[in-house]
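Encoded as structure tokens, the structure appears first; notes follow it.
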Amino acid sequence: MEKRLQFIWIFMLLLIRQYTIQKTSKYAGVSYRKARKKWCANIYYDGKQQWVGYFEKEIDAAKAYDKVMAYYNADVHKMNFAIDLAEAPNNIRRRIRVAGKIKRKASSIYLGVHYSDRLHKWKAEISHNKQCIHIGFFNSETEAASAYDKVARYYHGENAVTNFEGHHSAPASFIKLERHPVTSHYRGVCRHKNIWLAQIKVHRKRVWSREYKTEVEAAEGYDRAARYYHGEKAQTNFSGTAILSHVEIRKEKCPSTSSYKGVSYCKRDKRWIAQIKLNGKTKYLGYYKMELEAALAYNAEAAKLGRPLNIIKGVA
Numbered sequence: 095m096e097k098r099l100q101f102i103w104i105f106m107l108l109l110i111r112q113y114t115i116q117k118t119s120k121y122a123g124v125s126y127r128k129a130r131k132k133w134c135a136n137i138y139y140d141g142k143q144q145w146v147g148y149f150e151k152e153i154d155a156a157k158a159y160d161k162v163m164a165y166y167n168a169d170v171h172k173m174n175f176a177i178d179l180a181e182a183p184n185n186i187r188r189r190i191r192v193a194g195k196i197k198r199k200a201s202s203i204y205l206g207v208h209y210s211d212r213l214h215k216w217k218a219e220i221s222h223n224k225q226c227i228h229i230g231f232f233n234s235e236t237e238a239a240s241a242y243d244k245v246a247r248y249y250h251g252e253n254a255v256t257n258f259e260g261h262h263s264a265p266a267s268f269i270k271l272e273r274h275p276v277t278s279h280y281r282g283v284c285r286h287k288n289i290w291l292a293q294i295k296v297h298r299k300r301v302w303s304r305e306y307k308t309e310v311e312a313a314e315g316y317d318r319a320a321r322y323y324h325g326e327k328a329q330t331n332f333s334g335t336a337i338l339s340h341v342e343i344r345k346e347k348c349p350s351t352s353s354y355k356g357v358s359y360c361k362r363d364k365r366w367i368a369q370i371k372l373n374g375k376t377k378y379l380g381y382y383k384m385e386l387e388a389a390l391a392y393n394a395e396a397a398k399l400g401r402p403l404n405i406i407k408g409v410a
């Protein structure tokens with residue numbers, strides 16, 4: 095009876111192994127994960143299993159395994175390739191330190207990056223002062239890695255551990271990355287998704303902002319507001335731009351209503367709200383920094399229900 099139970103137990107282990115690891119590798123420390131369709135690298139050190147990462151190619155996983163083994167001063171004969179310790183990337187130390195904390199959600203070869211199955215985007219985050227700081231969501235893995243590098247340089251300077259050693263991007267805080275995702279060559283103008291935003295700051299505080307459909311319109315709007323706030327000393331994008339009146343400035347500083355259907359402004363939260371009526375009840379679609387963003391959110395929901403859309407010219 096005991097032999098029979100032992101045989102069943104061994105059979106179950108082999109069956110589980112067959113479904114979890116569908117492919118074997120000729121390299122040490124490398125296995126294939128069917129669920130992710132990627133190669134996984136792991137090492138065993140000091141009696142514990144240490145996760146290294148997921149990789150598209152088998153050879154990349156094998157090289158990563160060797161680099162971590164080199165960091166631990168492991169026996170060279172246990173490695174897959176001959177490796178020079180000086181060639182090991184500087185992010186190995188950080189990856190080893192945080193691997194145990196993020197191994198459940200990590201799915202990227204880059205430091206501070208993992209994939210969000212819920213949002214279908216790449217998420218970047220960084221640890222600072224024992225706190226996990228969210229940087230943002232990105233469409234591509236490399237964009238998230240680049241954003242991580244900028245924030246890492248902002249917090250750690252020259253000692254920052256980054257993903258791309260050859261790219262010396264300017265340091266930026268996560269707040270700056272969130273507020274200014276795309277810059278413009280015009281003064282006081284930035285782009286957020288499909289919307290151009292013009293804004294005026296006085297003593298580092300934003301006193302005026304407005305959304306525009308095109309970059310040039312935003313630059314002209316900035317010039318008019320700049321002449322109102324700074325007078326003749328205003329630095330503008332174009333010459334001969336008219337000045338906004340006091341009534342126009344006041345109206346644009348404190349918006350209360352929107353010309354778009356399903357969009358309103360919340361003064362308490364200082365955000366635009368998108369909402370739609372559904373079966374006699376109000377369905378909230380979210381809060382947005384910009385009016386056009388809220389209008390686009392309404393259009394997306396209205397299109398699903400076959401209702402008329404807001405006409406937004408110049409925005410795809």
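Position 313 of the sequence shown, counted from 1, bears residue number 407 in the numbering used here, the numbering being contiguous throughout. Quick reminder that beta carbons are idealized off the backbone N, C-alpha and C, glycines included.
For residue i, the three-state DSSP class (helix, strand or coil)
{"i": "L99", "result": "helix"}
{"i": "K157", "result": "helix"}
{"i": "F332", "result": "coil"}
{"i": "T256", "result": "coil"}
{"i": "E326", "result": "helix"}
{"i": "R127", "result": "strand"}
{"i": "Y121", "result": "coil"}
{"i": "Y148", "result": "strand"}
{"i": "G315", "result": "helix"}
{"i": "I104", "result": "helix"}
{"i": "K270", "result": "With a pLDDT of 49 at K270, under the threshold of 50, the modelled position of this residue cannot be trusted; read the value that follows with caution. Residue state, collapsed to three classes: helix."}
{"i": "L403", "result": "coil"}
N- and C-terminal bounds of the alpha helix (DSSP H) containing residue i
{"i": "L399", "result": "E385 to L399"}
Contact belief for residue i with residue j at Cβ below 8 Å, rounded distance in angstroms
{"i": "I294", "j": "V283", "result": "11 Å between Cβ atoms; not a contact."}
{"i": "Y204", "j": "A239", "result": "4 Å"}
{"i": "A312", "j": "S303", "result": "Contact doesn't hold; Cβ gap of about 10 Å is too wide."}
{"i": "Y381", "j": "R365", "result": "4 Å"}
{"i": "I220", "j": "G206", "result": "5 Å"}
{"i": "M173", "j": "I137", "result": "Contact flag wrong, Cβ pair sits at about 10 Å."}
{"i": "D160", "j": "F175", "result": "6 Å"}
{"i": "F88", "j": "A254", "result": "With the chain covering only 95 through 410, there is no way to say anything about residue 88."}
{"i": "E314", "j": "W290", "result": "The pair is not a contact, with the Cβ atoms about 11 Å apart (cut-off 8 Å)."}
{"i": "Y378", "j": "Q369", "result": "5 Å"}
{"i": "C134", "j": "Y148", "result": "6 Å"}
{"i": "A389", "j": "I367", "result": "Not a contact, Cβ separation roughly 11 Å."}
Counterpart residues of residue i in DSSP-defined beta bridges
{"i": "V310", "result": "Answer is none; V310 lacks a bridge partner."}
{"i": "A292", "result": "V283 and R304"}
{"i": "V357", "result": "A368"}
{"i": "N136", "result": "W145"}
Terminal residues of the beta strand (DSSP E) in which residue i lies
{"i": "R365", "result": "R365 to L372"}
{"i": "G206", "result": "Premise fails: G206 is in no beta strand (DSSP E) and is neither H nor E."}
{"i": "I220", "result": "K215 to H222"}
{"i": "L379", "result": "K375 to Y382"}
Heavy atom of the ligand HEM within 8 Å of residue i beta-carbon
{"i": "S202", "result": "Judged by which ligands are present, the structure shown has none, so any question about the ligand HEM falls away."}
Q: Jot down the residue ranges of each uninterrupted alpha helix (DSSP H) in the stretch 224-254, minimum 4 residues, whole runs only, in chain order.
A: 235-250
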